[in-house]
Ligand code: ADP
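Numbering (my numbering), first residue to last: 20 to 432.
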């Protein structure tokens, strides 16, 4: 089956076309056929497409909305010019898998979409006002472009974390706030944490139940997950993706009393303070320069910039604190797994996170660490009790596989 995987964000749509079916899943024989992204939807958009085996295509064009963006993607996929293997018309795209950010308490697994399910996802918008509406635009656009002729599946970022116990997902606020409004920790990046844990299991030939690891998704958004017996038992993001680690522009954990304090001092509305915590904080807020870790490292190294160095130190320190607490939560941790743009690519950040952690059984091999950029590999010292892995994430693959499983009514992991 040829699966179109869509990740519709607020101003971008990323896609992949993946050939997979139950046999190919069993043999890990799935194949990426094409991929791309349309960025800056709503203005002069940047379009990047690539069919496997062909050179990438880059262009700019004004693209008004998600429907026009997805229409452009689909027309390119089926075009002669793209030359995607085995795809010549709409009929050759057999199903669409959507990344959906928030599934609330209702969606603990991937689901086939129908009108009722779409309404239920719309009901989760209150919990994810920044994300779910954009994801749903992708669903509406596919409905318009394909009619009812193509099955659509939603794969939720929150779903992997549904195994968290109540003592981990509840906030210590009056219990009726949870009962009335479902105020609780949901966690995000679940498909990424799930993928790297699955990859680790394959690499080490372990059954799922024997996987006890900490996964670190370190990208523009960052989160940590404690995985015990193959299940998520805690994660750093909360009811929204604002909680936890320091991120590109998000503060992560802060004292909630700061909100009232800043609002009072600066005359901000609550929405304005929340926007500062989401969009002007994190690496950007501390460095005063950028949210981009590569640029922060360059400023620190080339110009010895004090605040760039401070941003790096704070970023790594917060992660170390979470690692310590998740070792306490899991007990016998076998491995730390680094993924995401920073986790996969930055040997410097990985080294700083692991610095002085021998007491926790974590000992890095500096040479192996320096070799690993964007590829899979082990970088712990042979004497390290905890293995250190870098594993590039592949959320799209799991979305494509869940899409096949939903269509074939096969069990979902
Ligand atoms: P998103 O959360 O938007 O998917 P990514 O996972 O692509 O983000 O991660 C983006 C982050 O990864 C940026 O901060 C970028 O600077 C950082 N990054 C990418 N390559 C490197 C590198 N070689 N060294 C340090 N940081 C890097």
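Heads up, the beta-carbon is just placed ideally off N, CA and C, and yes, glycines get one too. Since we're looking at a predicted model, the values are computed, not measured.
CB of residue 119 to nearest heavy atom of the ligand ADP: below 7 angstroms?
-> no
With DSSP as the reference, label residue 211 as helix, strand or coil.
-> helix
Using a threshold of 7 angstroms, is the CB atom of residue 240 nearer than that to any non-hydrogen atom of the ligand ADP?
-> yes
Does the Cβ of residue 67 lie closer than 7 angstroms to at least one heavy atom of the ligand ADP?
-> no
Using a threshold of 8 angstroms, state whether the C-beta atoms of residue 220 and residue 417 are closer than that.
-> no
DSSP three-state assignment for residue 85, whether helix, strand or coil | helix
Residue 373 bridges to which residues according to DSSP?
-> Partner(s): none; residue 373 has no beta bridge.
Reduced DSSP secondary structure (H/G/I, E/B, other) of residue 40 = coil
Grab me the residues of residue 90's own chain with a C-beta within less than 6 angstroms of its C-beta, minus the 5 sequence neighbours each way, in chain order.
-> 164
Extent of the continuous beta strand (DSSP E) run through residue 252 | 250–254
Entirely enclosed alpha helix (DSSP H) segments - the stretch 269–319, minimum 4 residues = 276–285, 289–298 and 301–306
My guess is that residue 345 and residue 245 are in contact by the Cβ rule of under 8 angstroms, so how many angstroms apart are they, rounded?
-> 4 angstroms
Residues of its chain near residue 312, where Cβ-Cβ distance is below 6 angstroms and the 5 sequence neighbours each way are ignored = 361
Where does residue 117 sit, in a helix, a strand or coil, going by DSSP?
-> strand
Backbone CA spacing between residue 291 and residue 168 [nearest angstrom] = 43 angstroms
Quick one: using the 10 Å Cβ neighbour count with 16 as the cut-off for buried, is residue 205 buried or exposed?
-> buried
Since residue 106 and residue 423 are thought to touch, with beta carbons under 8 angstroms apart, how far apart are those beta carbons, to the nearest angstrom?
-> Not a contact, Cβ separation roughly 16 angstroms.
Where in the stretch 113–192 do unbroken runs of the beta strand (DSSP E), each at least 3 residues long, occur, reported from the N-terminal end onward?
-> 114–119 and 171–175
Identify the continuous alpha helix (DSSP H) that holds residue 364 and give its terminal residues.
-> 359–364
Residue interval of the alpha helix (DSSP H) (run including residue 423) = 414–427
Candidates 289, 270 and 285, of which the one nearest residue 296 by Cα | 270
Give a yes or no on whether the C-beta atoms belonging to residue 41 and residue 34 are separated by under 8 angstroms.
-> no
Assigned exposure category for residue 83 - 16 Cβ within 10 Å defines buried = exposed
Any chance the stretch 96–103 sits against the stretch 65–85, with 3 or more Cβ pairs inside 8 angstroms?
-> yes
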